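Here is the structure we will look at, set down as structure tokens.
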Amino acid sequence: MAKSNDEFVQQVRSAVDIVDIIGEYVQLKKSGRALVGLCPFHSEKSPSFNVNGGRQFFHCFGCGAGGDVFSFVMQIEGLTFPEALKKLAERVGLTMPYEQAESPMEQDSKAAMYEAHRLVAKLYHHVLTSTPYGQAALRYVEKRGLSRQIIDEFQIGFAPDSWDFTTHFLKKRGFEPREMVEAGLLAQNDNGKIFDRFRGRIMFPIQDSQGEIIGFGGRATENIQPKYLNSPETSLFNKSRTVFNLHRARTHIRKRNQAILFEGYMDVISTWQAGIKNGIATLGTAFTEQHARVIRRNAEQVILCYDGDSAGQEATAKALEILQQAGCTVRIAPLPQGIDPDDFIKKYGADAFSQKVILQAMPVTQFRLKHLRGKRVLHDKHDEAKYIQEALEIITQLSSPIERDMYERQLADEFTVPLETIKAEARQVHKNKQKINEQRDKVEPVWNNSINNGKFVGARNSPPVTAHAKAERMLLHYMMKSQDVADRVREECKVDFQQDEHNALAAYLYAFYAEGNPEDPGDFIRYLDDENLKQLASGLAMMECNEDVSDKEISDYIRQVNIYPLQSFELERLREEYNFLMTQRGECEEEERRKQLMDQARLVGMKIHELENALKEG
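The sequence shown begins at 32 in this note's numbering and counts up by one.
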């Protein structure tokens, strides 16, 4: 963005609140002076994502992401700075300070794709509801039990059975056909011919978490294969992280702290009409960790309501594992085999679905045991013993002794095995698991998502923060809050900061104050051009440090920075001396001289140890 637009950037920044923007993606809760939530940029069970509403910046102590409101939108939506600026400007009703392109062909590619999807969605909806071409499809939709209100709310439409209906529509409005192929609205064959991707299908717009249309799901009304056809992967539409209906359901999900996950969009729409407003679905792809992270940011509890057939049960088993790993509490809503939520509601009604399906959702352990039993044919005692052991592997995962006892008693009753025998086997299974977990913990990093006393606490096996690095971080923290500290550091530090990113941040701070900017960490973070430095600065600004720092403390940090190069040089010299003495000892044949050299080496080794501790601890 050109410098002439700096004033507009500031205008947009002043008009938006980072808490409101991030709150649409992350469920934030008050914690001390900050707002915390689950990071949208990496998987975590405990919140490490912090937002400072007063200073208008964010930082994640888990993955290091941080910056201002533009940084957040750029990272979460995958946008460039101009795209993020435009998105936020439109949100607050501001017009970009340059001439808008005269046609979609001259606009930014993504902007053109968004606009094309909006127009095509309106076109398909108009065809379904207001033209003769859509009458048969409209009758079909109404026969499926969808009201006109729901048809309008979800903007359901119809793509005529034509090879060029949508193609001509888009061309007439100035959209470049090949770009529309990339957008997934049109298709191209091997001969280069461009044609309509969706033909003769009822169309369901797919929206991102902010309600922007990014793709379509098309359902055939006749015996056409495939029955369901979704838009392909594009720069707008990523199936592995898109959750259908999230933008509508988000408020209801957060209010109840519960989401209901269905298999398809028809289930979501039918249950929405039935009054169940916290339903969402994935889109023609297996459930992923990205889906789970999106859901966990909005709710802790998830009810899985997949079809009752064997494929639906398998999908349920896979999804619940991923959801639990993301930190969700999961229950499974039972459906009769061969029936989906849409069919159930039509057959038994909305109240029955709420009472007999949603409210009867079973715990994960009960589902796993039922699922395991359904996959096993028990011919003899050997099969039974194997099944009991597999069942106990599930039961021993429970933290509650009462629940474990209950399921163990069920097993004992079902197979007429003494309860003590079942419990003895359970203890052995538990012991075996503990051994495996202990081995895994030795190699897997464990995150402590916080910064304490100037230390970034990360993986268990990560190297400790050295004294000079801690001193540099603490100085930068206070320099962002005080120009006096910055001036003092600039004057009294005789050497540059040893870490390149720290040195770069200090240089930006000196320039920031030289330009007359006020003492404000938030303003400084926005002043930075480099996203990596923004992340570093946001983390340093979030550190919990003494507000009233003493002159002596600042002096100690400056001294630590100044003496580090001297200490490093001395350490290197001592190591060379130690190596020389040990080499001389190895080559010496006289026993008395060998002893003298060993004593000298031991003294040098003690100095090395002391100096290494000084470099680590200060």
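A virtual CB, placed ideally from N, CA and C, is assigned to each residue, including glycine.
Please read all numbers here as calculations on a predicted model, not as lab measurements.
A direct Cα-Cα distance of roughly 43 Å separates Ser-431 from Phe-185. Check the Cα spacing between Phe-226 and each of Arg-179, Thr-198 and Tyr-379: the tightest is with Thr-198. Secondary structure in the segment 67–118: the beta strand (DSSP E) runs of 3 residues or longer, each lying completely within the stretch, are 80–83 and 88–91 in chain order. Counting the other CB atoms within 10 Å of its CB gives Val-123 a total below 16, which places it among the exposed residues. A residue is called buried when at least 16 other Cβ atoms come within 10 angstroms of its Cβ; Thr-302 meets this threshold and is buried. Considering only Phe-446, Lys-349 and Ser-586, the residue with the shortest C-alpha distance to Asp-414 is Phe-446.
One alpha carbon belongs to Thr-319, the other to Ser-271, and they sit about 6 Å apart. The bridge partners DSSP lists for Cys-336 are Phe-293.
Arg-86 and Pro-549 do not touch by the CB rule: their CB atoms are close to 12 Å apart, not below 8 Å. In this structure, DSSP gives Gln-166 a helical state, which the three-state scheme calls helix. Per the DSSP secondary-structure output, Pro-236 pairs in a beta bridge with Phe-247.
Spatial neighbours of Ala-392 in its own chain (CB-CB distance under 7 Å, excluding positions within 5 residues in sequence) are listed in chain order as Ile-334, Arg-362, Ile-363 and Ala-364.
Boundaries of the alpha helix (DSSP H) around Lys-512: 498–512.
The beta carbons of Ala-214 and Thr-265 sit closer together than 7 Å. Here Tyr-259 carries a strand assignment [DSSP, helix/strand/coil]. Sequence-distant partners of Leu-125 (beyond 5 residues in either direction) whose C-beta falls short of 8 Å from its own C-beta, in its chain, are Phe-39, Gln-42, Val-43 and Ala-46. By the Cβ-count criterion, Gly-84 is buried, with 16 or more other Cβ atoms from all chains shown falling within 10 Å of its own Cβ.
When rounded, the separation of the alpha-carbon atoms in Glu-345 and Asn-309 is 23 Å. A distance below 7 Å separates the beta carbons of Ala-537 and Phe-528.
Counting only runs that start and end inside the segment 375–456, the alpha helix (DSSP H) elements of at least 4 residues fall at 381–384, 395–405, 412–426 and 432–446. Contact between Gln-289 and Gln-356 is absent: CB atoms are separated by about 19 Å, not below the 8 Å threshold. Considering only Pro-367, Gly-306 and Lys-377, the residue with the shortest C-alpha distance to Ser-341 is Pro-367. Short of 7 Å from the beta carbon of Arg-557, and not among the five residues preceding or following it, lie these beta carbons of its own chain, in chain order: Arg-44 and Asp-99. Note on Ile-311: 16 or more other CB atoms within 10 angstroms of its CB, so buried under the neighbour-count rule. According to the DSSP assignment, Gln-356 belongs to the alpha helix (DSSP H) that extends over 341–356. Assigned with DSSP and collapsed to three states, Val-526 falls in coil, not helix or strand. 7 Å or more divides the Cβ of Ala-323 from the Cβ of Ala-381. Three or more Cβ pairs drawn from the segment 506–520 and the segment 569–589 lie within less than 8 Å of each other, which places the two stretches in contact. Put simply, the backbone Cα of Asn-261 is about 35 Å away from that of Gly-93.
Within the DSSP bridge table, the entry for Ala-190 names Arg-232 as partners. When rounded, the separation of the alpha-carbon atoms in Pro-394 and Ile-353 is 16 Å. Taking the C-beta atoms as reference points, Asn-254 is found no nearer than 7 Å to Arg-285. The beta carbons of Gly-95 and Phe-89 sit about 12 Å from each other, so the pair does not count as a contact at 8 Å.
Residue nearest to Gly-358 within the set Ile-326, Pro-372 and Lys-377 is Ile-326 (criterion: CA-CA distance). Nearest in C-alpha terms to Met-144, of all of Pro-208, Gln-631, Arg-279 and Lys-525, is Pro-208.
In the three-state reduction of the DSSP assignment, Arg-272 falls in the coil class, being assigned neither a helical nor a strand state.
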